[in-house]
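Residue numbers (full-length UniProt numbering), protein chains in the order written: chain A, 1 to 343; chain B, 1 to 343; chain C, 1 to 296; chain D, 1 to 296.
No residue lacks a Cβ here, since even glycine has one placed at the ideal position from N, Cα and C.
None of the values given here were measured: they were computed from a predicted structure.
Report on one structure; see the data block that follows.
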Amino acid sequence: MTDQRIARPTDDRIDLSVDLGFGKVLPNPLMTASGCAANGAELHRFFDVSELGAFVTKSVMADPRSGRGTPRMAETPSGMLNSIGLQGPGIAAFVDTDLPWLASVGARVLPSIAGSSSTEFAHVAATLRASRAFEAVVGVEVNISCPNVANRGLVFACDPGASAKVIALVREQLPRDVPIFAKLSPDVTDITSIAAACVKAGADGLTMINTLLGMVIDTDLMRPHLGGITGGLSGPAIRPVAVRAIWQVRQAMAEGRIPVVPIIGVGGVRTGRDALELVAAGASAVQVGTATFNDPTAPVRVLHELTDLLVEKGYRRFSDVVGAAHGSPLPPRPVPVDERSRA
Amino acid sequence: MTDQRIARPTDDRIDLSVDLGFGKVLPNPLMTASGCAANGAELHRFFDVSELGAFVTKSVMADPRSGRGTPRMAETPSGMLNSIGLQGPGIAAFVDTDLPWLASVGARVLPSIAGSSSTEFAHVAATLRASRAFEAVVGVEVNISCPNVANRGLVFACDPGASAKVIALVREQLPRDVPIFAKLSPDVTDITSIAAACVKAGADGLTMINTLLGMVIDTDLMRPHLGGITGGLSGPAIRPVAVRAIWQVRQAMAEGRIPVVPIIGVGGVRTGRDALELVAAGASAVQVGTATFNDPTAPVRVLHELTDLLVEKGYRRFSDVVGAAHGSPLPPRPVPVDERSRA
Amino acid sequence: MSASPVRARVAKEVAEVIATRRVGAYQHLTLVSPQIAELARPGQFVALAVGDESSATLLRRSFSIHKVSPSGTYGGTVEIVVSAVGPGTRWIVGRQPHDPVDVVGPLGKAFPLPTEPVPCVLVGGGYGSAPLFWLSSQLRERGCHVEMVLGAASEDRLFGVVEARRSCDGVTVTTDDGSAGHRGWVSDVLPELIDRTGAGVVYGCGPMGMLRSITDIAGRHGAVAQVAVEEAMACGVGVCMTCVMPVVGTDGQTRMVRSCVEGPVFRGDRVRWDAFEGNHARVPDDAVGAPRAGGH
Amino acid sequence: MSASPVRARVAKEVAEVIATRRVGAYQHLTLVSPQIAELARPGQFVALAVGDESSATLLRRSFSIHKVSPSGTYGGTVEIVVSAVGPGTRWIVGRQPHDPVDVVGPLGKAFPLPTEPVPCVLVGGGYGSAPLFWLSSQLRERGCHVEMVLGAASEDRLFGVVEARRSCDGVTVTTDDGSAGHRGWVSDVLPELIDRTGAGVVYGCGPMGMLRSITDIAGRHGAVAQVAVEEAMACGVGVCMTCVMPVVGTDGQTRMVRSCVEGPVFRGDRVRWDAFEGNHARVPDDAVGAPRAGGH
Ligand SMILES: Cc1cc2nc3c(=O)[nH]c(=O)nc-3n(C[C@H](O)[C@H](O)[C@H](O)COP(=O)(O)OP(=O)(O)OC[C@H]3O[C@@H](n4cnc5c(N)ncnc54)[C@H](O)[C@@H]3O)c2cc1C
Ligand SMILES: Cc1cc2nc3c(=O)[nH]c(=O)nc-3n(C[C@H](O)[C@H](O)[C@H](O)COP(=O)(O)OP(=O)(O)OC[C@H]3O[C@@H](n4cnc5c(N)ncnc54)[C@H](O)[C@@H]3O)c2cc1C
Ligand SMILES: Cc1cc2nc3c(=O)[nH]c(=O)nc-3n(C[C@H](O)[C@H](O)[C@H](O)COP(=O)(O)O)c2cc1C
Ligand SMILES: Cc1cc2nc3c(=O)[nH]c(=O)nc-3n(C[C@H](O)[C@H](O)[C@H](O)COP(=O)(O)O)c2cc1C
Ligand code: FES
Ligand code: FES
């Protein structure tokens, strides 16, 4: 199957291509983050969404969902809290309208799917596979950071067993050459154990991190600010947590505790330099979420900033930079020592 | 035993006193955060440390410790990362020099103790108890967010069993009328289970939260920025996580899943309004940490701002505000509705 | 949220502040923003970034477009009227002439204009009047008789009384404290005004409580209400789903719709006012995809 | 970290910028800061807050005090010389006259002055020369013969060549690229200078690599080195333990000491230069409380 959507890298100064596995090669590592870019049409007014390595859609569930009441957001220092509650049109409308539109503009799509039970995840995956625009799909992101109704609402991604079950069921529904990415929550004692469970259950890659559970009190009204009481914390504030999670999982891969699979980094990326932090920690691709609310062109801007930064540093291949902070491969040439550095 | 250090509240517009239990009444709820105020002398140049409800000292271990190599800090959006590695003089020097000095200026002291094994914690507590300035101690904070050498360096606070063991041993070493506070880490899947284990093992209160595990990559050198690779994330960036943790534990207390004990809130407090968020979520006292680096007068400034805010809102007793966002007790009078609020 | 490929054009530009002046309790800013000035229609809004790259304030702030001049000496300008209520608006009112401000717009749907020259009443609460003068001119160009009601807590919080007299056929002022015009609320004077003018449409912009009562009164007096709402917005461009409100669609079904792209102007009688309480809005039980008992 | 109740006085004040001007690659700012101006001595530093309350940049930035004028027309002033290298310093160099800046100081220990009138050599690398002119005046008041060496990568990164000629008995300039003075490093000219002047003390301020070589050379040529170091600081006031360096105490033991309160000036031969590598410093194995194998 030759897929028109698998474009070749275009920057001739550096090879930015990213291999997601199974022949799915993206022209560059930049993506939108699920839930921070809707399903494409809105941002397409600001830039051509097919310029991105891939477009990640808002997590979609089986049925239409209204989401939570309002207020659904609160601004926090260098970040924000949201409690959308996975509002969406349901998978039928998604494959009918959103996916074909993304295909029509030439985007490579990484649909994000969600469920309140493992069978709901499987149903959503099966419907997706059966869709007429499925050829635009370069992989599927499985958002396991949502509440498991069968287990007192405990988030799937907080439990290795529940995570593995979802991943295994989704894996069964999708063609072997479509990689699936388990999207992990940072709100766990040991993220490497969840990562290991997902990979062992069939995840071809990992997306890290989803939001941190947080809360804001409205001190005028003296009650929780959000309609949903707690919400997800995102934005630059959480970047150090994302870098750490990526680093830990990549380290566990290096030590053989987790099979080696690509990591998609997400969390607090606002600039090319921020993206490079996640890449150097081990991410093969980078998503831009909350920063898009500050700057609707952020995903492409970050792509251009990252490209320029890597070219300036003398890299010729993006893949050489992935995980570079672990010591291998080493940066290609020494960094100029300025007045501030010692010795 | 009548203790000169247990001062009476001084603001006549509002009763700010806080009861830590066992007759230990603090004149107000503001404290320094461990490791963010050294042991008093440095900040005493900026304000009288006895003005605070209590002074929390840098976590002290059995022996002198050099801490980690440098760099030990990185600035992050609205926060910072640190990897000090519990540098300190050891408990003998602490009881010899630091504690007597704090006693001499009239401070009420909440020493923070740490250990790499539960027996080290017990030894530190025993040495503290035997000290000549022990009367200045209004309680002891047990920093269980440090690595347990016996358990592959896993942080005590990540494991209910290890946490309970430390607390039980420390509790045995200290007089019954000296409350002990377990300081919890937010880096766990379920903070209420750790809180429950600590209280059941004898903790008279809880301090929440310690730093989040994070990391920064130096993109000039393409390696981890900190000498210690990972570090603790603190500052306003993490406030929503602190508010959420306090809320969850307080809620578990309301539901009878954890015995009711006072909570000391810490995490990202920079202003009186920030402090009020933690209090409304359930904190009976508030510590100011990283904000002190921005403003060395921050702990007293926050006290004054909080006081003014509460007076303005019409409160007469600080204790009425604790946990108010849970719906009970209700704010004493309706808040003026301004143009922005919706009918 | 299903994708509709055809959407109004929108621009992101770094605008220069060329004038800023105090007007009562508000600050009136003029920004050189030629692309936005070119595209905008009354009822649309702009979203301004706050601070520089090292600002802790990530989210944009939204402001109704008060006026545009598509070609001035400096290039097209966009004017806004800002009430300083928090850190973001305080930063914005602190901008000086020549300072740059990052602006996205025009956003949202404009006020729909009647196809026939029907009489209209325009009601503005506080700075909510900002977009109405421009609307009034366009309505009068179409031959509509336009009367305006301006209401606020006190005189300093009224905006544009002089401009109203210039751009409308009649002006009524109300203040809660009686410091200007009638003492009371806009809802006290509105019924009589609709009846007297025979208004077919009542346009409103202001606090939610006011919009609700405008809707009620218009309905009872045979007019259609078109109201511009103000819901907390994280992105302003339709991608975050934070700004939703329960609104009844043409199929009679209630959905949580994005007020930034499907609003901010809604037909008043489509808004599920029953779901609002203080600054919270519930999801009505009969809304599409509403949580079911035992479900999500 | 044991508490020593007697400490130098320190102030926190909101200073007004009264002058700011470009000097080569640097910005020279004059701040009205009477309390700090009153208390400061050469070698001490000030810590400036960056941005307003909604700034994402929480930590203060440290700068050597270039000069103080305890009583000027505006009240006492403090001068600093800033190299814009990142967001914090960029914000500071962007301040305009009359802007307020929040300053804490004076911080740290000053350069110790000799009790006898011995010849001294002062070595400044880049903006590291900033505190040396003031030091020079005080040394000459005590009858010391003072010579200065200014070194930088290029001419625009030299600071104070003219001022040096005024305040010292001799001045030598070096640049890496030869754009001014001798082509080369300060370490190329220092040995001859110490020998010629018979210097008893070499004072240094600049990059760590330079301070290390000053220390080596001073030691080999019979002089004591007093160096002002620059270590990343979160608080500047002694409470956070981020700014530590391995330094040998009077008891011969190495400890990780806080450069903000026990420095920034250290006797060069007390600093454990062997522990530094790039911008990292290890804890030497023989340091007090160093991690043991199998321990922490
Ligand atoms: C479509 C629209 C048009 C508007 N037009 C105007 C106008 O013409 N003039 C004017 O002064 N104000 C207008 N507002 C309100 C203005 O956007 C808010 O007052 C402003 O965002 C508050 O920011 P702050 O940082 O000062 O306050 P804070 O309360 O600190 O803001 C915190 C967060 O809440 C959001 N927020 C708070 N209040 C509001 C609100 N009322 N509406 C939306 N978001 C809010 C902010 O965007 C921010 O993300 C409009 C809002 C919308 C949605
Ligand atoms: C005692 C002392 C005296 C100093 N005197 C001067 C002076 O006179 N003129 C001058 O231009 N600079 C001086 N510096 C260096 C100056 O403090 C840094 O260049 C500045 O903090 C960098 O901030 P930034 O936001 O621009 O850069 P960034 O690199 O973005 O800063 C990020 C973080 O690292 C810290 N940091 C980065 N570089 C340094 C450094 N070299 N030293 C200390 N902290 C650093 C910052 O404080 C901040 O917390 C001095 C530093 C110290 C410790
Ligand atoms: C408003 C909002 C909605 C989100 N919705 C989803 C979602 O539907 N599915 C998902 O996997 N993650 C969702 N996320 C999480 C983001 O995809 C991302 O993992 C997180 O925000 C961290 O990245 P950031 O800091 O760049 O935003 C959402 C985040 C925000 C802010
Ligand atoms: C530099 C630094 C050192 C710290 N050292 C300790 C410590 O020794 N013991 C401890 O319990 N917490 C320590 N903490 C954590 C703080 O006490 C506090 O829990 C955390 O920083 C969150 O609060 P904040 O956001 O107000 O700083 C340290 C924090 C910082 C920033
Ligand atoms: S504000 Fe983001 S969708 Fe409306
Ligand atoms: S900078 Fe905080 S102790 Fe030195």
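- For residue 170 (chain C), the enclosing beta strand (DSSP E) stretches over residues 170-175.
- Secondary structure note for residue 217 (chain C): its alpha helix (DSSP H) is the uninterrupted segment 208-220.
- About 3 Å separates the Cβ atoms of residue 268 (chain C) and residue 215 (chain C), confirming a contact at the 8 Å cut-off.
- Considering only beta carbons, the part of the stretch 285-296 of chain B lying closer than 8 Å to chain D consists of 290, 291, 292, 293, 294, 295, 296, in chain order.
- Neighbours of residue 56 (chain D) in chain C, taken as residues whose beta carbon is under 8 Å from its own, are 54, 55, 56 in chain order.
- Straight across, the Cα-Cα distance linking residue 117 (chain B) with residue 149 (chain B) is about 6 Å.
- Per DSSP, the continuous beta strand (DSSP E) segment holding residue 226 (chain C) begins and ends at 224-228.
- For chain B, the residues of the stretch 211-230 of chain A that bring a beta carbon within less than 7 Å of one of its beta carbons are 212, 213, 214, 215, 216, 217, 219, 220, 221, 222, 223, 224, 230, in chain order.
- When the beta-carbon positions are compared, residue 207 (chain C) and residue 125 (chain C) come within less than 8 Å of each other.
- Here the alpha carbons of residue 272 (chain C) and residue 135 (chain C) stand approximately 25 Å from one another.
- Taking residue 79 (chain A) as reference, the option from A:168, A:255, A:293, A:42 with the minimal CA-CA separation is A:293.
- Residue 175 (chain A) sits exposed, since fewer than 16 C-beta atoms from the chains shown fall within 10 Å of its C-beta.
- Beta bridge pairing from DSSP links residue 82 (chain B) with B:73, B:232.
- Shortest gap from the CB of residue 79 (chain B) to any heavy atom of ligand 3: 7 Å or more.
- Counting C-beta pairs with one atom in each stretch, the stretch 107-121 of chain A and the stretch 266-274 of chain A have fewer than three that are closer than 8 Å, which means they do not touch.
- In summary, the residues of the stretch 215-234 of chain C whose CB is separated from some CB of chain A by less than 9 Å are 231, 232, 233, 234, in the order they occur in the chain.
- Per the C-alpha coordinates, the member of D:26, D:73, D:14 positioned closest to residue 156 (chain D) is D:26.
- Residue pairing by DSSP places residue 256 (chain D) opposite D:246 in a beta bridge.
- For residue 87 (chain C), at least one C-beta of chain D is nearer than 8 Å to its own C-beta.
- Closest option to residue 17 (chain C), judged by alpha-carbon separation, among C:103, C:238, C:249: C:103.
- In this chain, residue 313 (chain A) is not harboured by any beta strand (DSSP E), its DSSP state being neither H nor E.
- Among the residues facing chain B, residue 60 (chain D) is included, as its CB has a counterpart in that chain under 8 Å away.
- Counting of Cβ neighbours within 10 angstroms places residue 85 (chain D) among the exposed residues, the total staying below 16.
- According to the DSSP secondary-structure assignment, residue 128 (chain A) is paired through a beta bridge with no residue.
- Contact annotation for residue 51 (chain D) against chain C: 51, 52, 54, 55, 56 [CB-CB distance below 9 Å, chain order].
- For residue 81 (chain A), the closest C-alpha among the options C:230, C:90, C:77, C:59 is that of C:59.
- The three-state reading of DSSP puts residue 77 (chain D) in strand, counting E and B together.
- The stretch 256-263 of chain D and the stretch 47-57 of chain B do not touch, with fewer than three beta-carbon pairs separated by less than 8 Å.
- Ligand 1 has no heavy atom closer than 7 Å to the beta-carbon of residue 265 (chain C).
- With fewer than 16 other CB atoms across the displayed protein chains lying within 10 angstroms of its CB, residue 191 (chain D) is exposed.
- One Cα belongs to residue 180 (chain B), the other to residue 263 (chain B), and the distance between them is close to 11 Å.
- When CB distances to chain B are screened at a threshold of 7 Å, the residues of the stretch 72-86 of chain A falling below it are 76, 77, 78, 79, 81, in chain order.
- In chain order, 10, 12, 237 make up the part of chain C whose C-beta sits under 8 Å from the C-beta of residue 46 (chain A).
- Selection B:298, B:130, B:33, B:305 evaluated against residue 273 (chain B) yields B:305 as nearest (Cα-Cα).
- Assignment of beta strand (DSSP E) within the stretch 188-252 of chain A, counting only whole runs of 3 or more residues, yields 205-208, 212-214, 231-234 in chain order.
- With fewer than 16 other CB atoms across the displayed protein chains lying within 10 angstroms of its CB, residue 260 (chain B) is exposed.
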